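To convert, take the position in the sequence shown, counting from 1, and add 4; that gives the working numbering.
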Amino acid sequence: MFHYLDNAATTQTRPEAAQAAVTAMTEEWGNPSSRYAFGQEASGRLKEHRAQVAAGLGCRPEEVYFLSCGTEGDNWAIAAAVEKNRRKGKHIITTAIEHAAVLEPIRELERQGYEVTWLQPDQQGIITAEQVEAALRPDTILVAMMLVNNELGTVLPVAETARAIRAARCPALLHCDAVQGFLKVPFTPEGLGVDTLAVSGHKVHAPKGIGALYIRRGLRLPPLIRGGGQEEGLRSGTEPTAQTAAFAAAVEAGRASLERDLAHMRELKDYAARTLREQVPELELIGAGTAPHILPVTLPGYKSEVVLRFLSDRGIYVSSGSACHKGKPSHVYAALKLPKPQLDGILRISFSYDTAREDVDALVQGLKEAQAQLFTSLS
Ligand code: PLP
Numbered sequence: 005m006f007h008y009l010d011n012a013a014t015t016q017t018r019p020e021a022a023q024a025a026v027t028a029m030t031e032e033w034g035n036p037s038s039r040y041a042f043g044q045e046a047s048g049r050l051k052e053h054r055a056q057v058a059a060g061l062g063c064r065p066e067e068v069y070f071l072s073c074g075t076e077g078d079n080w081a082i083a084a085a086v087e088k089n090r091r092k093g094k095h096i097i098t099t100a101i102e103h104a105a106v107l108e109p110i111r112e113l114e115r116q117g118y119e120v121t122w123l124q125p126d127q128q129g130i131i132t133a134e135q136v137e138a139a140l141r142p143d144t145i146l147v148a149m150m151l152v153n154n155e156l157g158t159v160l161p162v163a164e165t166a167r168a169i170r171a172a173r174c175p176a177l178l179h180c181d182a183v184q185g186f187l188k189v190p191f192t193p194e195g196l197g198v199d200t201l202a203v204s205g206h207k208v209h210a211p212k213g214i215g216a217l218y219i220r221r222g223l224r225l226p227p228l229i230r231g232g233g234q235e236e237g238l239r240s241g242t243e244p245t246a247q248t249a250a251f252a253a254a255v256e257a258g259r260a261s262l263e264r265d266l267a268h269m270r271e272l273k274d275y276a277a278r279t280l281r282e283q284v285p286e287l288e289l290i291g292a293g294t295a296p297h298i299l300p301v302t303l304p305g306y307k308s309e310v311v312l313r314f315l316s317d318r319g320i321y322v323s324s325g326s327a328c329h330k331g332k333p334s335h336v337y338a339a340l341k342l343p344k345p346q347l348d349g350i351l352r353i354s355f356s357y358d359t360a361r362e363d364v365d366a367l368v369q370g371l372k373e374a375q376a377q378l379f380t381s382l383s
């Protein structure tokens with residue numbers, strides 16, 4: 005019995021992606037930098053992988069830089085923007101609900117003397133472009149805003165933020181962490197108006213260890229890793245062609261069934277929200293997230309870590325927040341300023357194309373049992 009409802013943490017590698025990696029490792033394993041035919045075959049494949057990921061993003065292949073994960077893309081984009089704009093100011097704007105991959109590098113910049121405006125969400129998790137507009141200054145050099153929040157499923161106003169930056173004529177570069185938005189909400193980097201945008205393979209059914217950073221054409225950023233000159237000299241290191249093959253195959257397969265998969269996730273999310281509220285009476289929904297794959301709920305008075313373990317013992321896997329928090333209270337839910345019993349009881353349920361109604365039914369049953377058997381701090 006295995007009911008996986010934690011697809012915002014990671015997704016199962018899809019067969020097409022696994023097969024593409026095996027082919028790259030067993031048949032097309034040349035070094036793309038080698039000048040002879042076998043190496044050039046690998047180089048040709050890599051070119052195809054880049055084009056496939058670019059097609060999924062809706063950008064040009066030369067705007068896609070492969071790297072190891074979403075975290076690496078976020079760290080690079082932030083460091084590069086600050087370095088590029090170092091003579092133009094020391095003010096950064098970001099949101100209080102970014103992933104640690106954005107929060108931590110910006111906290112480090114704050115420690116180094118940069119001034120950071122942290123935009124706070126309302127109780128529904130909403131951040132508005134007006135908040136950005138009010139915070140923009142002539143010395144703002146970076147705005148970092150995620151597309152979809154990983155714990156709430158809220159969609160942030162990235163396109164409106166880009167317009168506000170342009171209207172204010174400040175030098176800020178706009179970085180978007182789209183790790184949870186890729187193949188979940190429709191966008192193109194150009195449509196959003198961002199300068200850089202990070203995505204990650206393992207959230208879209210590719211293996212862990214591969215991601216990409218979109219860098220807008222014409223924007224010259226300092227390199228992340230210096231060495232042999234791969235990735236246009238910006239991120240050296242022999243390209244992980246098995247990973248890029250798998251990423252490309254996952255994106256291609258995801259694009260092919262995108263409408264159907266999104267409809268499936270939306271339907272499951274509605275079904276879960278409805279049945280959980282009907283059958284687990286004290287359960288409340290959290291936030292105003294509209295992304296199709298993320299549903300945060302709370303069982304007020306129950307400790308989410310205890311409920312998580314109770315469910316886990318029954319083969320039902322959900323999260324008590326971001327998988328990166330390792331038991332610490334989530335800064336995202338804390339930013340909503342919910343009463344403590346609500347805050348303590350939050351669980352994040354997240355779906356994918358391969359989640360079934362039976363998984364939701366098992367969760368509903370598991371939570372009913374948890375309510376009947378576990379103690380609550382409210383009783
Ligand atoms: N950004 C967001 C919104 C995420 O949800 C995650 C992963 O949970 C990351 C960044 C980090 O991505 P990766 O695990 O590929 O480093």
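Every residue, glycine too, gets a C-beta built ideally from N, C-alpha and C. These figures come from a predicted structure and were not determined experimentally.
Residue i: CB within 7 angstroms of a non-hydrogen atom of ligand 1
{"i": "residue 74", "result": "yes"}
{"i": "residue 183", "result": "yes"}
{"i": "residue 215", "result": "yes"}
{"i": "residue 365", "result": "no"}
{"i": "residue 38", "result": "no"}
{"i": "residue 204", "result": "yes"}
{"i": "residue 10", "result": "no"}
{"i": "residue 150", "result": "yes"}
{"i": "residue 295", "result": "no"}
{"i": "residue 425", "result": "Because residue 425 is not part of the residues shown, which for the chain are 5 to 383, the question remains open."}
{"i": "residue 335", "result": "no"}
{"i": "residue 105", "result": "yes"}
{"i": "residue 89", "result": "no"}
{"i": "residue 154", "result": "yes"}
Outcome for residue i when other beta-carbon atoms lying within 10 angstroms are tallied against a minimum of 16
{"i": "residue 117", "result": "exposed"}
{"i": "residue 316", "result": "exposed"}
{"i": "residue 391", "result": "Since the first residue shown for the chain is 5 and the last is 383, residue 391 is missing from the structure and cannot be characterised."}
{"i": "residue 78", "result": "buried"}
{"i": "residue 124", "result": "exposed"}
{"i": "residue 112", "result": "exposed"}
{"i": "residue 327", "result": "Bear in mind that the predicted position of residue 327 carries a pLDDT of just 47, short of 50, making it unreliable; the figure below should be weighed with that in mind. With fewer than 16 other Cβ atoms within 10 Å, it is exposed."}
{"i": "residue 7", "result": "buried"}
{"i": "residue 70", "result": "buried"}
{"i": "residue 155", "result": "buried"}
Limits of the unbroken alpha helix (DSSP H) element including residue i
{"i": "residue 80", "result": "74–88"}
{"i": "residue 193", "result": "193–196"}
{"i": "residue 275", "result": "262–283"}
{"i": "residue 243", "result": "Careful: residue 243 lies outside any alpha helix (DSSP H) and carries neither H nor E."}
{"i": "residue 300", "result": "Careful: residue 300 lies outside any alpha helix (DSSP H), inside the beta strand (DSSP E) at 298–302."}
{"i": "residue 119", "result": "That residue, residue 119, is in no alpha helix (DSSP H); its beta strand (DSSP E) goes 119–123."}
{"i": "residue 370", "result": "361–377"}
{"i": "residue 48", "result": "41–61"}
{"i": "residue 23", "result": "19–30"}
{"i": "residue 38", "result": "Element bounds for residue 38: n/a, residue is neither H nor E."}
{"i": "residue 308", "result": "308–316"}
{"i": "residue 107", "result": "104–115"}
Those residues which DSSP pairs with residue i across a bridge
{"i": "residue 181", "result": "202"}
{"i": "residue 146", "result": "96, 177"}
{"i": "residue 288", "result": "302"}
{"i": "residue 229", "result": "239"}
{"i": "residue 320", "result": "7"}
Residue i versus residue j - alpha carbon distance
{"i": "residue 3", "j": "residue 265", "result": "This structure leaves residue 3 out entirely; the chain is present only between 5 and 383."}
{"i": "residue 138", "j": "residue 41", "result": "56 angstroms"}
{"i": "residue 361", "j": "residue 181", "result": "30 angstroms"}
{"i": "residue 131", "j": "residue 49", "result": "41 angstroms"}
{"i": "residue 197", "j": "residue 63", "result": "12 angstroms"}
{"i": "residue 254", "j": "residue 226", "result": "29 angstroms"}
{"i": "residue 20", "j": "residue 206", "result": "14 angstroms"}
{"i": "residue 122", "j": "residue 347", "result": "21 angstroms"}
{"i": "residue 83", "j": "residue 202", "result": "13 angstroms"}
Boundaries (first-last residue) of the beta strand (DSSP E) holding residue i
{"i": "residue 354", "result": "350–354"}
{"i": "residue 215", "result": "215–219"}
{"i": "residue 68", "result": "68–71"}
Cβ of residue i within 8 angstroms of any chain C Cβ
{"i": "residue 146", "result": "Protein chain content of the structure displayed is limited to a single chain, and chain C is not contained in it."}
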